[in-house]
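Quick note: to get this note's numbering, add 124 to the position in the first sequence (first position is 1). Where is the CB? At the ideal position from N, CA and C, for every residue including glycine. Structure first, then comments.
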Amino acid sequence: MQTISDKIYFNKQSVRLRGVDFFDVCAIFECGQAFRFDKVEGSAHAVEYGGVAHGRYISLAQDGDEIIIYGADEADFYNIWRGYFALDADMAAIRRDILAHSDAPRLSYAAEVGRGIRILRQDAWEALCSFIISQNNNIPRIKSLIRALCERLGEPIDASDMLSHGARATEYTFPTPETICAAGVDVLRELKTGFRAKYIYDAARRVCDGRISFSEIYAAPTAEASKMLEEISGVGPKVAACTLLFGFGKLDAFPVDVWIRRVIEKYGFDPAALGDFAGLAQQYLFYAEREESK
DNA sequence: TATCAGGGTCGTT
DNA sequence: AACGACCCTGAT
125 MQTISDKIYF
135 NKQSVRLRGV
145 DFFDVCAIFE
155 CGQAFRFDKV
165 EGSAHAVEYG
175 GVAHGRYISL
185 AQDGDEIIIY
195 GADEADFYNI
205 WRGYFALDAD
215 MAAIRRDILA
225 HSDAPRLSYA
235 AEVGRGIRIL
245 RQDAWEALCS
255 FIISQNNNIP
265 RIKSLIRALC
275 ERLGEPIDAS
285 DMLSHGARAT
295 EYTFPTPETI
305 CAAGVDVLRE
315 LKTGFRAKYI
325 YDAARRVCDG
335 RISFSEIYAA
345 PTAEASKMLE
355 EISGVGPKVA
365 ACTLLFGFGK
375 LDAFPVDVWI
385 RRVIEKYGFD
395 PAALGDFAGL
405 AQQYLFYAER
415 EESK
């Protein structure tokens, strides 16, 4: 197991890590991989983001190389958050591998801009559903649609002790495929998901009746896993790649979206043969391009 | 107020 | 392989 950080301190409701490198809370949550975390305004820390993942509300604060996870104890840290935040990944080695596969100046630049990005290990169903919603949509609306979906069909979480960390008194889990099946496609329409309603419903149906098997997708190589996901109506190569990258930990998945097309066009960037960690390279390029457009 | 575009995909040529 | 349609809304 890779060294997580120099020191870890556990309290009843928080975990503090010191000496963490390649970890930028702002970049992690602003690079468009997770839609349920928001910046905590008026935080006592330099940066703090709060949100729900794996059925729990937490916030992640950062001051320099010190990270604090609020709302987590030692058991949660080892069972959930160490993996979720990829704290066991050898980022230096991964970055060396990426840069050894391509000497494109734009990539080395973007890898510096996005130095602190980590690919979060999100729940597979949540990732699938979220990136179905993301198609032909903008990030603010994607976030508000997902919030509405969770408030309507998710389970309430008592987050009253996290109010000072950006939580509402009640937060909601991401709804299961079973819940979405039971609710029906009309509920998804009411939430104004538009033409995506039938796609979300089809995905839920296929997961519930076993036509989509997450364990088979996990076991399959990325190209085959993508074909399995593409059986779902409304899932093409891009949504499948995002699902595999963020929900199944397949770091070689390389989502090609409008921003990456732009990078390929503008810089003559060649995305072929980026290696086993192409997905992180994609996040570097995506993040750098979007930051520049602001 | 009007128009464009948004982390794409589908159905039709 | 190319092209328009698609729900709705954030941005200009």
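Check	Outcome
Would the beta-carbon of residue 257 fall within 8 angstroms of that of residue 320?	yes
Can you tell me the Cα-Cα spacing of residue 339 and residue 362, whole angstroms?	21 angstroms
If we require 4 or more residues per run, which alpha helix (DSSP H) segments fall completely within the segment 303-342?	309-314, 321-332
With DSSP collapsed to three states, give me the class of residue 369.	helix
Would you call the CB atoms of residue 270 and residue 414 closer than 8 angstroms?	no
What number of angstroms, rounded off, separates the C-alpha of residue 82 from the C-alpha of residue 302?	The structure shown does not extend to residue 82, since the chain spans only 125 to 418, so no value can be given for it.
Using 8 angstroms as the Cβ pair cut-off and three pairs as the minimum, do the segment 194-203 and the segment 374-385 touch?	no
In this structure, what does DSSP give as the bridge partners for residue 184?	173, 193
Please tell me whether residue 299 and residue 277 are closer than 8 angstroms, where the distance is taken between their beta carbons.	yes
Are the segment 280-287 and the segment 351-367 touching by the rule of at least three beta carbon pairs closer than 8 angstroms?	no
When the Cα atoms are used, what is the spatial distance from residue 194 to residue 150?	16 angstroms
Taking only the alpha-carbon atoms, compute the straight-line gap between residue 248 and residue 292 and give it to the nearest angstrom.	25 angstroms
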